[in-house]
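Q:
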Amino acid sequence: MKRALSLTAAFSAALLPLVVHAQSAIPGALDRAFGSIGGTGSGPGGPGMSMSLQLLLIMGLLTILPSLVLMMTSFTRILVVLAILRQAIGLQQSPPNQVLIGLALFLSLFVMSPTLERVNASAIAPYAADKINAQQAIEAGGREFHAFMIRQTRERDLTMFADMAKAPRFANTADVPFSILLPAFVTSELKTAFQIGFMLFLPFLVIDLVVSSVLMSLGMMMMSPMVVSLPFKLLLFVMVDGWALLMGSLAASFG
579 MKRALSLTAA
589 FSAALLPLVV
599 HAQSAIPGAL
609 DRAFGSIGGT
619 GSGPGGPGMS
629 MSLQLLLIMG
639 LLTILPSLVL
649 MMTSFTRILV
659 VLAILRQAIG
669 LQQSPPNQVL
679 IGLALFLSLF
689 VMSPTLERVN
699 ASAIAPYAAD
709 KINAQQAIEA
719 GGREFHAFMI
729 RQTRERDLTM
739 FADMAKAPRF
749 ANTADVPFSI
759 LLPAFVTSEL
769 KTAFQIGFML
779 FLPFLVIDLV
789 VSSVLMSLGM
799 MMMSPMVVSL
809 PFKLLLFVMV
819 DGWALLMGSL
829 AASFG
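Under the working numbering, the first residue of the sequence shown is numbered 579, with each subsequent residue one higher.
As structure tokens, then:
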């Protein structure tokens with residue numbers, strides 16, 4: 579757990595290294611990162627972006643950082659599958675949303691740990707040792723996440739968003755920009771999550787059909803099949819060690 583938390587903190591630091599340099603003596607560091615208004619810096623090309631405006635942009639980026647991190651990781655697939663499982667069993671509020679989100683976060687951290695370790699080795703550690711600058715650290719860390727997302731993205735989805743953006747065909751997947759890769763990755767993750775959810779629904783659907791048929795044959799029209807089938811669904815899920823199977827299968831699906 580301590581190692582996972584340290585990796586998460588390191589990744590966040592890699593995404594926002596410019597905050598560390600906000601008060602450093604390197605002139606124009608934030609100008610180089612964000613560009614400038616009317617020129618490049620405060621030289622003859624035009625007035626540079628003011629420090630207050632730069633810090634405002636940083637705070638704005640911090641608000642969307644959690645969404646970007648979640649959409650660039652395995653979190654989406656895991657959370658959708660867990661929500662579908664709860665609905666398939668017939669439980670409305672158990673486990674509660676907070677538990678599902680927490681479970682999805684920590685399982686995502688487990689799945690993403692190899693990528694985070696590579697980010698630490700290629701970007702964070704060299705940057706902390708002053709071997710590379712902030713821009714190089716961001717690019718190195720971005721390449722690792724780019725590689726992870728490419729592996730999980732369907733070629734059909736990449737082609738669809740590339741055509742929508744009227745982008746030329748990419749000779750190498752490493753050349754796909756994040757503006758195309760990110761929506762394609764999220765679309766692929768949702769498709770995969772729905773496929774897994776369909777497979778999860780089938781055994782519980784069979785139980786519902788059997789219970790409904792038995793109640794109909796007994797003439798118990800007024801009794802809800804969901805009330806009768808719920809204990810059998812829970813029994814089946816516990817007997818097959820459903821949580822272990824589900825967590826292991828979800829983690830293996832990113833292999």
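Think of the CB as a built atom: it goes at the ideal place given N, C-alpha and C, for glycine as much as any other residue. Source: prediction; values computed, not measured.
What is the rounded straight-line gap between the Cα of G826 and the Cα of L660?
A: Approximately 13 Å between the Cα atoms of the pair.
Q: Please report how far the alpha carbon of M777 lies from the alpha carbon of M804, in whole angstroms.
A: One C-alpha to the other measures close to 20 Å.
Q: Of all the options S686, R732, V818 and H724, which has the alpha carbon lying nearest to the alpha carbon of K769?
A: Checking every option, the nearest Cα to that of K769 belongs to R732.
Q: With a threshold of 16 other CB atoms inside 10 Å of the CB of L687, please say whether the residue is buried or exposed.
A: Label assigned to L687: buried.
Q: Taking buried to mean at least 16 other C-beta atoms within 10 Å of its own C-beta, is M637 buried or exposed?
A: Flag for M637 reads exposed.
Q: Relative to the alpha-carbon of H724, which residue among V697, A743 and P746 has its alpha-carbon at the smallest distance?
A: Among V697, A743 and P746, the Cα nearest to that of H724 belongs to V697.
Q: Would you call the segment 678-687 and the segment 706-725 touching, i.e. three or more CB-CB distances under 8 Å?
A: With the cut-off at 8 Å, the segment 678-687 and the segment 706-725 do not touch.
Q: Can you tell me the Cα-Cα spacing of I758 and T765, whole angstroms?
A: Rounded to the nearest angstrom, the two C-alpha atoms are 11 Å apart.
Q: Could you compute how far the alpha carbon of F748 sits from the alpha carbon of I785?
A: Taking the straight line joining both Cα atoms gives about 48 Å.
Q: Between the alpha carbons of F739 and M727, how many angstroms are there, rounded?
A: Whole-angstrom Cα-Cα distance: 15 Å.
Q: By Cβ distance, which residues of its chain are closer than 8 Å to S700, with the 5 residues on each side in sequence left out?
A: Cβ neighbours of S700 beyond the five flanking positions: A718, G719, R721 and E722.
Q: So the candidates are L814, Q730, M801 and L808; which of them puts its Cα closest to the Cα of P761?
A: That would be Q730, whose Cα lies nearest to the Cα of P761.
Q: Is it buried or exposed for G621, if we count other Cβ within 10 angstroms and need 16 for buried?
A: Note that G621 scores a pLDDT of 42, beneath 50, so its modelled location is shaky; the value from the coordinates is reported in the next line. Counting Cβ neighbours within 10 Å, G621 comes out exposed, since fewer than 16 surround it.
Q: Are there three or more Cβ pairs, one per stretch, closer than 8 Å when the segment 789-799 is compared with the segment 659-678?
A: Touching, no, given that fewer than three Cβ pairs across the two stretches are closer than 8 Å.
Q: So V689 and F832 are supposed to be a Cβ contact under 8 Å. How far apart are they, rounded?
A: Indeed they touch by this definition, with Cβ atoms about 5 Å apart.
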